[in-house]
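**Q** Oh and the sequence shown: position 588 is 846 in our numbering, straight run, nothing missing. Don't be surprised by glycine CBs; every beta carbon is placed ideally from N, CA and C. Take this structure first; my questions come after.
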Amino acid sequence: MRNPQLTVSLTPLIADLHTRLSALGIIDNRALGALDAAGFTDVESLLLWYPRRYEDRRQFSGFPTGPCDEAVCLLARVEDCEIKHVGPQRRYFEATMMPLDPGPLDQPIGCRWFNMPYMSKVFAADQEVVLYGKPKWSGHRLVIDHPDYEIVEDGDSMEADIHLRRIVPVYRLKEGLPQKVIRSATFRVLDQLDPKTLPDLLRKPAEGSPFVGMSRYGAMRAIHFPDSIEERKLARDYLALEEFFGLQLNLLRRKNAYAAQSGMRHCGEGKLLAKFQELLPFALTKAQLRAIGEVRAGLESDTPMNRLLQGDVGSGKTFVAMAAALLVVEAGFQVAIMAPTQILAEQHYLVFQKHLEPLGIRLRLHTGSRKEDGNMPLFDGSNIGAEPQIIIGTHALLYDDSQLSNLGLAVIDEQHKFGVSQRSRLINKGVTPDVLVMTATPIPRTLTMTVYGDLEVSVLDELPAGRGKIVTAVRQEPDPKKVAAFLKQHLGEGRQAYMVYPLVEESEKLADVRAVTREFEEWSERLAPLKCGILHGRMSGDEKDAVMARFRSQEVKVLVSTTVIEVGVDVPNANIMIIYHADRFGLAQLHQLRGRIGRGEHDSYCVLVCDGKNPEAIEKLKVLEATRDGFRIAEADLRLRGPGELLGTAQSGVAGLRLGDLVADARLVKLSRDLASEVLEMDPTLDSPEYRHLRVLLDARSDGVELS
Ligand code: ADP
Ligand code: MG
C-alpha cells in the first residue's frame, strides 16, 4: 500500500520535467539557494538523483547495549555536549545520547566527532536526533564515531512526515546541501508531479512478470519513498531495466540501420582460400573453420556484415582475417586491415606477406607517420603502381580517402583500442563495406551484449594444438643474479625473452622512460655478451621497427620494454616473460601480456614479480598461476575492478547507467535486450503513435552509448 502521506495530487502542478525548481513555489528560498548551488535546478535533476541508501524510521531500533556489526538507526535525545581534550593539541566533540524515554537498562551512547570543532554549534541539550552508525566499545563506554545524524525539529507536520515514520531515503550529498533539504524538495516535487510527465518506456509488464503493476511514475516514487524494502528493490530493478532497455534499443537501432544500408556481396568462390589452406604449415582449428564459415555467410549476403571475432590471445584470429580477405579479394574488392599501433600493422604486414604473397596477392603497408618514398623499412617497393588488393595500416587509413576506393571488407584488429566512432568513420566513407572487428579481450557475455550489442559475434574458443605449456609463477623481489642465470640458461638454448616494466602507455613520462632505460642498461651488463633491446612509447616509429626487426631475427635476445608490446606481438621463439611490478597491472592486461609467450612448441615461463607488501595483490596474481583461460580471468578481473577498467572507460559505453550494473544485473540486461527487439520488430522506425515517444526520448538522450 502506498504511504498515505505521499498522495497523488488532485491538481498536479508539475507537467514538465524541465520546470525550474524556483518556479514551483513549493520550496522555500533558503532551500532553493542550497539546491541551486549543488546543481539541482530543475525537477528532473532531483528525480534522477537516486538515494544512496535508506533508513527504516518506521520503528527505531532499541538502544544497543553492546557493539553492533551493522549500522543501527536510533531516535535519541541529546543529554549533554562537551569538547574533550586528549593531549595538548587533540580535541574532539562528544554529544551524549539517551533514548527519548530511557528505561532502567538503557545506557548512554557517546557520539564523537574528531577535528570538527564546529559540531559544538550543531547540537544542544534536549534536541531530538536521528542517528545512524555503528556502536563500538571505547574503554567501558559505548560510542559511535562520526554517525550520520539529523536533528528533528518540531513544527511543520508535513516535514515531520517526510523525515520520520517511514523508510527514509538518504542521498549522496553535494557540498553544503543538507540531507533534509534535498529529501524534502524531492518529496514535494513527487507530491506535485503529474504522472504524465513520466510516461512508461517499457510496455505493460506481462502477467507473471515481477513488474506487474509497475509504471515509470510509480517506480520513481517508490525508489525515493518506498513503502517497503521489497517495493524499493522492485522499483530499482524496474528503473535499471529501463536504462538497459534504452541502451539496447539504441544498439539494436544502430544494428538495423547498418543492415538496412544497401550492401554488396563481397565473396569469391573460395579458390584462393583453398589454395591458402593447402599452403599453410598447419591445419586450421575447428573454431577457426567455424568462424571462417560465419564470416563467409556474412560476405555472401547482400546486407552489410558487422561481425565481432572474439578469441583469446594466440587463438589465431589473424588467420581468420586472412581467409576472409582472400574471399573478398577473389570477388574483386579491396580489403583494409587496421591495427591500433604501427608495430602491429607492420607485424600483420609481415605475416600477410609470408602467407599471401605466394598466392600472388598485392599488399601494401600504409602508416600515418611516414610517406611511401622508400623510407619505410618494411615496405616492398615492387608493388608501387599496381593497385593493392589488401592495405594494412593503422587508424591513419581512415583519414586517407584515396586508398579505399573499392573497399569490400574492413578488418579492425584489437577493438578495445579502437573507438566506436572510428569504426563508423570507416563505414561512412560512402561505401558500405563488410566489417570484421577482432578482439582479444574475453568479454563476459552480458558485457558483449551491451558493448558490442550492434555486432554479430563469432568466438574462437580453442587454441591451436602443439603449443608448449606456460608455467606462471608469482615471485617477490627475486635476486637479479638468479634471474640472470635463469635467463642465460634458456637463451643459451636459443630462446628469447621479454622483460616488462609497467609504464602507462599513453602518457609515458620521462621519468618512466629513464627508469626503463636504466633497467635496460643493467640487464645488458648482466647478460652480456647476449644482446638486449629496448622498446618504449617515446621512441619513434623507425626506432621501434628497427628493434622489433632485430628481435624477430633473433639478433636481440631480450626485449626490455614497457607495455607497448602488449597487443598482438607475435614472436613464437620468445618463451620467457618477466613482468616487474606486476601488481600494478590488471589481470586482463597481464593475461594479454602473457599471451606474447606460449606461442611456440617450447614450454614457456611467465614470472610475475611484485614487492610482496600487499597480500591481496599476491592473491590476485595467483589467479594467473591457476589458469590460462581468458574468460575466467576476465570474470575475476571484472569482480575485482568493475567493467570500466576492463573495457576502458571510452569503450564501456555505459555512461547512461545510474542504477544498472552490467555485471550484477545480467538477467535484466538479457531481458532488456528481448524487450527492445520485440519493440523494434513491431515498429522498426518507432514512428507509430504507440512508440513515437520512445524515439523522441532516445533522440534526446545524451547519455546513452556513443552513436556517432
Ligand atoms: P591472435 O591474433 O588470435 O592472438 P594469431 O593469429 O597471431 O593469434 O596466431 C597466434 C600464433 O598461432 C601464430 O604464431 C600463428 O602462426 C599460430 N597459429 C594460428 N593458427 C594456428 C593453427 N590452426 N595451428 C597452429 N598454429 C596456429
Ligand atoms: Mg592478433
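1) Look up E337 in the DSSP assignment and say whether it is helix, strand or coil.
2) Roughly how far, in whole angstroms, is the beta-carbon of I891 from the beta-carbon of L882, given that I think they are within contact range, below 8 Å?
3) How about C525 and E552: are their beta carbons less than 7 Å apart?
4) Considering just the uninterrupted stretch of the beta strand (DSSP E) at S862, what are its terminal residues?
5) Which same chain residues, not among the five before or five after R423, have their C-beta less than 7 Å away from its C-beta?
6) Between the C-alpha atoms of P830 and R753, what's the straight-line distance to the nearest angstrom?
7) Are the CB atoms of A840 and L866 within a distance shorter than 7 Å?
8) Between C790 and V816, is the Cβ-Cβ spacing less than 7 Å?
9) Rounded to the nearest angstrom, what separates Q647 and V741 at their Cα positions?
10) Using C-beta distances below 8 Å, list every residue in its chain close to K529, excluding the 5 sequence neighbours before and after it, in chain order.
11) Along the beta strand (DSSP E) that carries E352, what are the first and last residues, could you check?
12) Does M806 come out as helix, strand or coil in the three-state DSSP assignment?
13) Whole-angstrom Cβ separation of Y429 and R310, contact assumed at under 8 Å?
14) Can you give the Cα-Cα distance for S573 and P457, rounded to whole angstroms?
15) Would you check if the distance between the CB atom of H482 and the CB atom of P427 is smaller than 7 Å?
16) Kindly list the residues whose CB is nearer than 8 Å to the CB of L507, restricted to its own chain and excluding five residues on each side of it in sequence; keep chain order.
17) DSSP state of Q847, grouped into three classes?
18) Looking at the secondary structure, which residues open and close the alpha helix (DSSP H) in which R237 lies?
19) Tell me whether N641 sits in a helix, a strand or coil according to DSSP, three-state version.
20) Given 8 Å as the limit, is there contact between the stretch 725-744 and the stretch 787-803, that is, 3 or more CB pairs closer than that?
21) Where do the N-terminal and C-terminal ends of the alpha helix (DSSP H) with R479 fall, by residue?
22) Along the chain, where does the beta strand (DSSP E) that runs through E302 open and close?
23) What residues are listed by DSSP as bridge partners for G391?
24) Sorry if obvious, but does the Cβ on P722 come closer than 6 Å to a heavy atom of the ligand ADP?
25) Check the C-beta distance from E501 over to G918 and give it rounded, since I have them as a contact under 8 Å.
26) Ends of the beta strand (DSSP E) at Q665?
27) Pull the bridge partners of W371 from the DSSP assignment, please.
28) Mind checking R278: buried by the 16 CB within 10 Å criterion, or exposed?
29) Tell me the DSSP secondary structure of H839 in three-state form.
30) Identify every residue that forms a DSSP beta bridge with R565.
31) Alpha carbon to alpha carbon, how far is R733 from G888? Give it in angstroms, no decimals.
32) Taking the alpha-carbon positions, what's the V330 to A480 distance?
33) Specify the secondary structure class of H624 as computed by DSSP and reduced to three states.
34) Go through its chain and collect everything with a Cβ distance to I402's Cβ below 8 Å, but skip five positions before and after it.
35) Since V729 is in the beta strand (DSSP E), which residue starts that stretch and which ends it?
36) To the nearest angstrom, how far is it from the Cα of G856 to the Cα of R725?
**A** Taking the coordinates as given:
1) strand
2) 7 Å
3) no
4) S862 to C868
5) R315 and R316
6) 9 Å
7) yes
8) yes
9) 47 Å
10) E588
11) R348 to P357
12) helix
13) 6 Å
14) 48 Å
15) yes
16) A934, V937, L938, L952 and L956
17) helix
18) Only positions 259 to 966 of the chain appear in the structure, and residue 237 is not among them; the question remains open.
19) Because the pLDDT at N641 is just 40, under 50, the model does not fix this residue reliably, and the point stays unresolved.
20) no
21) R474 to H482
22) Here E302 belongs to no beta strand (DSSP E); instead the alpha helix (DSSP H) covers V301 to L305.
23) V330
24) yes
25) 5 Å
26) Inspection of the sequence shows that residue 665 is occupied by Leu rather than by Gln. Here the beta strand (DSSP E) through L665 covers L665 to D671.
27) F351
28) exposed
29) coil
30) L694 and E714
31) 22 Å
32) 23 Å
33) strand
34) I367, G368, C369, R370, L389, G391, K392, P393 and K394
35) I728 to Q734
36) 6 Å
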